[in-house]
Structure formats: structure tokens, C-alpha cells
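K.L.:
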Amino acid sequence: MTGPVKDWDPGTYQRFRGLRLRPALDLLLRLDDAPDGDVVDLGCGDGAVAGPLRQVFPERR
Numbered sequence: 001m002t003g004p005v006k007d008w009d010p011g012t013y014q015r016f017r018g019l020r021l022r023p024a025l026d027l028l029l030r031l032d033d034a035p036d037g038d039v040v041d042l043g044c045g046d047g048a049v050a051g052p053l054r055q056v057f058p059e060r061r
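Heads up, the sequence shown is in the UniProt record's numbering, so the first residue is 1 and it goes up one at a time.
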């Protein structure tokens, strides 16, 4: 078993943002008829999915 990562680099995280964001955006395009209710972006990261969520569900909070 390996230990915790100790070489966190925000620049590297940002450089691969598109690769991480693409699957989330693809999934959002499939949510044509989501049930009513709040929309929550749960996860670790920089909140990159929050803007697209707001665009897909502008009436939600």
C-alpha cells in the first residue's frame, strides 16, 4: 500500500482540467429530464462543474 501523495502541484491539476471536466460535461448533456429538486456539485476540485450545472439547470439552486 502506498502513502499519501506529498507532491501536490496546482499547476499540474489545472493543466489537466479539460480531461477531468469532459466526462462531467458529457454526463450533463444526457440529463434531459432530471427530477425536480436541488442540484449539488459534490466532489473535490476547483468547482469547474458548477458553472455548467447552472447553465443546464438555471432554475435550480
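We treat Cβ as the ideally placed atom computed from N, Cα and C, and that holds for glycine.
Note that the structure is a prediction, hence the values are computed from the model and not measured.
Taking contact to mean at least 3 C-beta pairs separated by less than 8 Å, is the region 3-10 in contact with the region 25-35?
P.N.:
With the cut-off at 8 Å, the region 3-10 and the region 25-35 do not touch.
K.L.:
Is Gly47 closer than 8 Å to Asp41 when the C-beta atoms are compared?
P.N.:
Contact: yes.
K.L.:
Pull up the distance between the alpha-carbon of Arg22 and that of Thr2, whole angstroms please.
P.N.:
C-alpha separation (whole angstroms): 28 Å.
K.L.:
What is the DSSP secondary structure of Ala50, reduced to helix, strand or coil?
P.N.:
It is helical.
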